[in-house]
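Below is one structure, written out as structure tokens, with a few remarks after it.
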Amino acid sequence: MDAIQLLTQQHREVEELFEKFEKASDGSDRTLMDLFARIADNLAAHATIEEKLFYPSVYVGPTADKLQEAVEEHLSAKRVIADLLDMDPTDAQFKAKMKVLQELIEHHVEEEEKILFKDVKKLMTREELATIGEQMEVMFTELIQTEPRMQIPRETGEAAPLV
Numbered sequence: 002m003d004a005i006q007l008l009t010q011q012h013r014e015v016e017e018l019f020e021k022f023e024k025a026s027d028g029s030d031r032t033l034m035d036l037f038a039r040i041a042d043n044l045a046a047h048a049t050i051e052e053k054l055f056y057p058s059v060y061v062g063p064t065a066d067k068l069q070e071a072v073e074e075h076l077s078a079k080r081v082i083a084d085l086l087d088m089d090p091t092d093a094q095f096k097a098k099m100k101v102l103q104e105l106i107e108h109h110v111e112e113e114e115k116i117l118f119k120d121v122k123k124l125m126t127r128e129e130l131a132t133i134g135e136q137m138e139v140m141f142t143e144l145i146q147t148e149p150r151m152q153i154p155r156e157t158g159e160a161a162p163l164v
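Set out below in structure tokens:
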């Protein structure tokens, strides 16, 4: 699977998790916390593979400004996730913060899919996208097994470097 296909697939998976969270918002606190953990783990691992592998490999020409914006969007999402990690689903602001997180992610995904990915397809060959996609898939698989959300509080000081 090439890098763009992998990232797009992961975008759909997180969207489905947010939908499940919305449907379960009147459910048990444990269900809400489990869904939050899955969302946060997926977002943390996804952001890591983008920041460490994908973004640096496409940080040239027309994509540079978009990537600077993308890592700032990651930072905003990480800050909301860090807040949520310190909360319980019974907290008055928990569901509101989850909605803010969802909106941040929806905006980020839209920009990536409508603008960034199109630019990247012009910059990289299919072979290059396939190679980076394989590396990203391996890293994601390793990360997702380690509760990557627990690393997020350490990543809220500044946006990830791109070089």
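Residue numbers for the sequence shown follow the working numbering, beginning at 2 and rising by one. Ideal Cβ positions, reconstructed from N, Cα and C, are used throughout, including at glycine.
Using a threshold of 8 Å, state whether the C-beta atoms of residue i and residue j are closer than that.
| i | j | result |
| --- | --- | --- |
| residue 137 | residue 55 | yes |
Between the C-alpha atoms of residue i and residue j, what's the straight-line distance to the nearest angstrom?
| i | j | result |
| --- | --- | --- |
| residue 105 | residue 78 | 7 Å |
| residue 156 | residue 33 | 24 Å |
| residue 158 | residue 63 | 27 Å |
| residue 162 | residue 51 | 11 Å |
| residue 93 | residue 26 | 13 Å |
| residue 61 | residue 121 | 9 Å |
| residue 69 | residue 30 | 36 Å |
| residue 101 | residue 40 | 13 Å |
| residue 129 | residue 107 | 27 Å |
| residue 142 | residue 66 | 29 Å |
| residue 132 | residue 111 | 24 Å |
| residue 103 | residue 80 | 13 Å |
| residue 82 | residue 123 | 33 Å |
| residue 24 | residue 145 | 24 Å |
| residue 28 | residue 10 | 27 Å |
| residue 134 | residue 53 | 12 Å |
Enumerate in chain order the residues of its own chain whose CB-to-CB distance from residue i is below 7 Å, with the five nearest sequence positions on each side excluded.
| i | result |
| --- | --- |
| residue 125 | 59 |
| residue 57 | 163, 164 |
| residue 118 | 5 |
| residue 84 | 98 |
| residue 116 | 67 |
Which same chain residues, not among the five before or five after residue i, have their C-beta less than 6 Å away from its C-beta?
| i | result |
| --- | --- |
| residue 160 | 72, 73, 76 |
| residue 95 | 88 |
So, for residue i: in the same chain, excluding its five sequence neighbours on each side, which residues have a beta-carbon less than 8 Å away from its beta-carbon?
| i | result |
| --- | --- |
| residue 165 | Examination of residue 165 is not possible in this model, given that the chain is present from 2 through 164 alone. |
| residue 113 | 8, 12, 71 |
| residue 109 | 71, 74, 75, 78 |
Under the rule that 16 or more other beta-carbon atoms within 10 Å means buried, what is residue i, buried or exposed?
| i | result |
| --- | --- |
| residue 49 | buried |
| residue 46 | buried |
| residue 97 | exposed |
| residue 139 | exposed |
Using only the heavy atoms of the ligand ZN, determine whether one of them is closer than 7 Å to the beta carbon of residue i.
| i | result |
| --- | --- |
| residue 94 | What this structure holds is no ligand at all, so the ligand ZN is not there to describe. |
*Say whether the stretch 18-31 touches the stretch 141-153, bearing in mind that this needs 3 or more beta-carbon pairs closer than 8 Å, one atom from each stretch.*
no
*Three or more C-beta pairs closer than 8 Å, one from the stretch 28-44 and one from the stretch 83-95: is that the case here?*
yes
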